[in-house]
Amino acid sequence: MAETAYEGLAGGRSEDGGFEDGRSEDVAGVSAGAGGASRRQPAREAAARTFARALPVVPVRARGLTIEDAAGRRYLDCASGAGTLALGHHHPVVLEAMRRVLDSETPLQVMGLTTPVEDAFVTELLRTLPPRLADHARVRFCRPGGTDPVDTAVALVRAATGRAPIVTPTGAHLCAAAEACCPSDAGEPPAGVVLEPVRGADGVLPVPDAWLRDLRRVTAERSVPLIADETETGVGRTGALWAVDHSGVTPDVLILSKAIGGSLPLAAVVHHEDLDGRRTGSDRRAAGAPGAGTFRGNQLALAAGAATLAHVREQRLAEHAAVLGGRILSRLRGLAAEFACVGNVRGRGLMIGVELVSPDGAPDGAPSGGIPSDGNPSGGNPSGGIGIPSVGVPPGTGSELALAVQRECLRRGLIVALTGPDRNVVRLLPPLIITEEQTSTILDRFADAVQTVDRRRGGHAPPHRALAAR
Numbered sequence: 004m005a006e007t008a009y010e011g012l013a014g015g016r017s018e019d020g021g022f023e024d025g026r027s028e029d030v031a032g033v034s035a036g037a038g039g040a041s042r043r044q045p046a047r048e049a050a051a052r053t054f055a056r057a058l059p060v061v062p063v064r065a066r067g068l069t070i071e072d073a074a075g076r077r078y079l080d081c082a083s084g085a086g087t088l089a090l091g092h093h094h095p096v097v098l099e100a101m102r103r104v105l106d107s108e109t110p111l112q113v114m115g116l117t118t119p120v121e122d123a124f125v126t127e128l129l130r131t132l133p134p135r136l137a138d139h140a141r142v143r144f145c146r147p148g149g150t151d152p153v154d155t156a157v158a159l160v161r162a163a164t165g166r167a168p169i170v171t172p173t174g175a176h177l178c179a180a181a182e183a184c185c186p187s188d189a190g191e192p193p194a195g196v197v198l199e200p201v202r203g204a205d206g207v208l209p210v211p212d213a214w215l216r217d218l219r220r221v222t223a224e225r226s227v228p229l230i231a232d233e234t235e236t237g238v239g240r241t242g243a244l245w246a247v248d249h250s251g252v253t254p255d256v257l258i259l260s261k262a263i264g265g266s267l268p269l270a271a272v273v274h275h276e277d278l279d280g281r282r283t284g285s286d287r288r289a290a291g292a293p294g295a296g297t298f299r300g301n302q303l304a305l306a307a308g309a310a311t312l313a314h315v316r317e318q319r320l321a322e323h324a325a326v327l328g329g330r331i332l333s334r335l336r337g338l339a340a341e342f343a344c345v346g347n348v349r350g351r352g353l354m355i356g357v358e359l360v361s362p363d364g365a366p367d368g369a370p371s372g373g374i375p376s377d378g379n380p381s382g383g384n385p386s387g388g389i390g391i392p393s394v395g396v397p398p399g400t401g402s403e404l405a406l407a408v409q410r411e412c413l414r415r416g417l418i419v420a421l422t423g424p425d426r427n428v429v430r431l432l433p434p435l436i437i438t439e440e441q442t443s444t445i446l447d448r449f450a451d452a453v454q455t456v457d458r459r460r461g462g463h464a465p466p467h468r469a470l471a472a473r
């Protein structure tokens, strides 16, 4: 079954219409030259590059949801660059925006200086924000590194409040966050509360809307700034332009990155103007210092980001994500009833997590056997082909099951990522431009992968409905 499904991706036109038929000589040359990249990578790059080792694909071309590798194989991308590709690969409106910048001879990098490109980005960003924040918003750009926007937001609220403690509710501590904002009379409230509306690294866990509204009420009463980290959830990903929109909550600070750069590195912190005016002089300048950096004025990223924001807003892609995301969740929850290895299925919009669990109660932990003993992520395959390491024994723990599902998805031309503290959650982040037909294809391939893994571990669930009908 896996080979049959995969052969349909090997040449000609991809079933999702991602490419024109045939490849140019330039692309063919790149493909030929890239064939050895998967063999050279282990010797040249640090072992910390776990994503490349888990997914030994050498991409040479991409469009929409489709990635083509050096051997001409095609995959549907449900990782989306960890959420950076809201419009998929090489979307026409993003490419056109970048071409305009290149053709205009606009400086590509102007650290800290206002440009027409930056002004257009800020104007479009303000159009998308919750109205009560947009009317009083201040935007500060910062380094696009992983923690830099958070550092900027934390420094901002500390300077504005004159307090230092920061509350970051995660995991079991969600219920304690409101109490932390209301200490005893002898204490003082924190400088701010930072939270993700959907906690991606914790396994795609949406924060309950009612709880978030209660937290907003408490923080407002105690004059504690509420910071929403929308690094991964923003720009329509969860079925609303910003994930806080689901609850009707207006935060004091929004942390933005990933999709706002239209596939290029960009990060910004949007905050209420009051936080800019509570302190003066050097304190205000210091609040921005941790997030300052050379690359906060990337004009290509600003142009690509403005085009992405406008397209998502104008084409109502957040609503599209809500509809298709609901359909995906419903179908995936059906898998949990069919296969004992599928646990909780959760998410919002097109940010979805499928938890893999051990039906036998085996302890969870880091996946075993993820890299062959020779360190070659191609599993000793010198041909430069798909090279997925084989699973030598039936997987037992949830993390091993998740890794096995990820590999089986790849065999079927589907790229998914793993997340969660134990990496036992398969995460699906398809671009917002996904179609109904692509959704069906992704769901069928995923169900096929789960059935294969379940059968390997000795499961006795009946064949999946979509497979039985073939």
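Take any residue in the sequence shown, note its place counting from 1, add 3, and you have its number in the working numbering.
We put the beta carbon where it would ideally sit given N, CA and C, even for glycine.
Note that the structure is predicted; figures quoted are calculated from it, not measured.
C-beta atoms of residue i and residue j nearer than 8 Å
i      : j      : result
Ser107 : Leu432 : no
Val197 : Leu208 : no
Thr87  : Gly264 : yes
Leu90  : Ile436 : yes
Pro147 : Pro59  : no
Val153 : Ile258 : yes
Leu353 : Leu327 : yes
Ser250 : Leu215 : yes
Ala167 : Ala194 : yes
Leu229 : Arg219 : yes
Leu312 : Val238 : yes
Ala162 : Val272 : no
Where residue i falls, given that 16 or more other Cβ within 10 Å makes a residue buried
i      : result
Val453 : buried
Pro192 : buried
Arg460 : buried
Leu136 : buried
Met114 : exposed
Arg103 : exposed
Pro254 : buried
Pro133 : buried
Pick from the options that is closest to residue i, judged by C-alpha positions
i      : options                           : result
Ser333 : Arg351, Ala321 and Asp232         : Arg351
Ala246 : Glu233, Val256, Leu198 and Val456 : Glu233
Glu439 : Val429, Gly329 and Ala73          : Gly329
Gln318 : Leu446, Val96 and Ala307          : Val96
Ile355 : Val429, Thr171, Thr311 and Ala313 : Val429
Asp447 : His314, Thr400, Val357 and Leu335 : Leu335
Val419 : Ala74, Cys81 and Gly75            : Cys81
Asp451 : Pro424, Gly423, Arg415 and Arg426 : Arg415
Val142 : Ala162, Arg161, Gly149 and Glu121 : Glu121
Thr442 : Asp255, Leu79 and Val61           : Leu79
Cys145 : Thr422, Ser260 and Arg316         : Ser260
Ser361 : Cys344, Val348 and Ile70          : Cys344
Arg426 : Val210, Val63, Glu235 and Ala407  : Ala407
Thr444 : Cys412, Thr422 and Pro424         : Cys412
Arg76  : Leu417, Gly308 and Gly423         : Leu417
Val210 : Gly190, Val252 and Leu244         : Val252
Beta strand (DSSP E) segment containing residue i, residue limits
i      : result
Arg258 : With the sequence shown as reference, residue 258 is identified as Ile, and Arg is not the correct amino acid for it. Looking at the DSSP string, the run of the beta strand (DSSP E) that includes Ile258 is Val256 to Leu259.
Met354 : Met354 to Leu359
Leu267 : Segment: none, Leu267 is in no beta strand (DSSP E) and carries neither H nor E.
Glu199 : Per DSSP, Glu199 belongs to no beta strand (DSSP E) and is neither H nor E.
His274 : Ala271 to His275
Asp72  : Thr69 to Asp72
Boundaries (first-last residue) of the alpha helix (DSSP H) holding residue i
i      : result
Thr222 : Asp212 to Glu224
Glu439 : Glu439 to Arg459
Val408 : Gly401 to Arg414
Given 8 Å as the limit, is there contact between the segment 215 to 227 and the segment 303 to 319, that is, 3 or more CB pairs closer than that? no
Three or more C-beta pairs closer than 8 Å, one from the segment 320 to 328 and one from the segment 398 to 407: is that the case here? no
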